[in-house]
Amino acid sequence: MDGSKAAGAIRKYCSENNLGVGDRLPPERRFVELLEMSRTQLRRGLARLEAERIVTRTVGRGTFLAQSHSGAGDMSPRDVMVVRSLLEPAIAKLAVSTATRADLANVMEILEASEKASTSDEWERLDAALHTAIVKSTHNPLVVDLYDRITEARSASAVWGELKRRSYGPESRAAYERHHRTIVQALIRRDHKAIEAGVMEHLRYVSDIMLGSDQP
Numbered sequence: 232m233d234g235s236k237a238a239g240a241i242r243k244y245c246s247e248n249n250l251g252v253g254d255r256l257p258p259e260r261r262f263v264e265l266l267e268m269s270r271t272q273l274r275r276g277l278a279r280l281e282a283e284r285i286v287t288r289t290v291g292r293g294t295f296l297a298q299s300h301s302g303a304g305d306m307s308p309r310d311v312m313v314v315r316s317l318l319e320p321a322i323a324k325l326a327v328s329t330a331t332r333a334d335l336a337n338v339m340e341i342l343e344a345s346e347k348a349s350t351s352d353e354w355e356r357l358d359a360a361l362h363t364a365i366v367k368s369t370h371n372p373l374v375v376d377l378y379d380r381i382t383e384a385r386s387a388s389a390v391w392g393e394l395k396r397r398s399y400g401p402e403s404r405a406a407y408e409r410h411h412r413t414i415v416q417a418l419i420r421r422d423h424k425a426i427e428a429g430v431m432e433h434l435r436y437v438s439d440i441m442l443g444s445d446q447p
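This is the structure:
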């Protein structure tokens, strides 16, 4: 079981047990028994959900649900891509104006780490972290909250996870990394037009490879 499937099992447990924001997940020893997976698989799943801001983990206290899944599972991958296409180019343009030097350094660090990732799980975790870092560089809580809703919808969708796994390969990863580097370089140059174009190109590619070329 890879990290994506483990994360899906954790999400399913939270939904079936009506866990809400702030609720604590079972201790690790008990959780692996409930989900019938190894500790390594559980930790990979939790790391993925933590990167997606679905859970928070505190040493000595445990793991807590950070977002509600209410309604998110009803959104299709097509719904998610439509919303991403509407919001993410504008969010990236805002980040060009608001990102600090520390934000830019963090984004570049994540980009370089993703390019060195040795497994698909690690790469997907860093892919999500890169997008989140750009959004957080807007320093606008409402924008961050809106993006969290998009992330939540993706995480709650078993179909999205399966489509992402099927579309992953050397060719698609190389394309993603080209797009990511183009976007990050535009952010560093403070180039509004280039980052908007870069994000739009990236999202069109994601739609094509995951859902087909008939996307809006």
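With the first letter of the sequence shown counted as 1, position 199 gets the number 430 in this note's numbering; the numbers rise by one all the way through.
Positions of the beta carbon are idealized from the N, C-alpha and C atoms, including for glycine.
Quick caveat, the model's predicted, so the values are computed rather than measured.
For residue i, which residues in the same chain have their Cβ closer than 8 Å to its Cβ, ignoring the five residues on either side in sequence?
i, result
"L280", "A238, I241, R242, V286 and S386"
"R421", "V327 and S328"
"R332", "none"
"I341", "L357, A360, L361 and A364"
"V430", "E319, P320, A323 and I414"
Below 8 Å on the Cβ atoms is my contact criterion, and I expect residue i with residue j to pass it. Report the Cβ-Cβ distance as a whole number of Å.
i, j, result
"T369", "I322", "6 Å"
"L361", "V338", "7 Å"
"L265", "G293", "The pair is not a contact, with the Cβ atoms about 15 Å apart (cut-off 8 Å)."
"L377", "L318", "6 Å"
"L434", "S345", "Not confirmed; about 18 Å, so no contact."
"H410", "E432", "6 Å"
"E259", "R275", "That belief does not hold up - the Cβ atoms of E259 and R275 are roughly 13 Å apart, past 8 Å."
Taking only three categories from DSSP, how would you classify residue i?
i, result
"L296", "strand"
"A271", "Going by the sequence as given, residue 271 is Thr instead of Ala. In the structure shown, T271 sits in a helix (DSSP, three-state: H, G or I)."
"V313", "helix"
"L256", "coil"
"S301", "Residue confidence is low: S301 scores 49 on pLDDT, short of 50, so the model does not pin down where it sits. Its coordinate-derived value is still stated next. It is coil, neither helix nor strand."
"G234", "helix"
"G251", "coil"
"E283", "coil"
"G400", "coil"
"H411", "helix"
Taking the CB atoms as reference points, tell me whether residue i and residue j lie closer together than 8 Å.
i, j, result
"I419", "V314", "no"
"F262", "L250", "no"
"D379", "G234", "no"
"A405", "Y436", "no"
"L442", "M312", "yes"
Would you kindly report the start and end of the unbroken beta strand (DSSP E) that includes residue i?
i, result
"T287", "V286 to T289"
Residues in the same chain with beta-carbon distance under 7 Å from residue i, minus the five sequence neighbours each way, listed in chain order, please.
i, result
"A297", "V252, R284, I285, V286 and T287"
"A330", "S368 and L418"
"I426", "A323, K324, V327, I414, A417 and L418"
"V290", "none"
"W354", "S345, A348 and R404"
Return the first residue and the last residue of the alpha helix (DSSP H) that residue i is part of.
i, result
"M431", "H423 to L442"
"D352", "S351 to K367"
"S345", "R332 to K347"
"S307", "Looking at the DSSP string, S307 is not in any alpha helix (DSSP H), and its letter there is neither H nor E."
So, at 6 Å on beta carbons, what are the nonlocal neighbours of residue i in its own chain, with the 5 sequence-adjacent residues on each side left out?
i, result
"D254", "L296"
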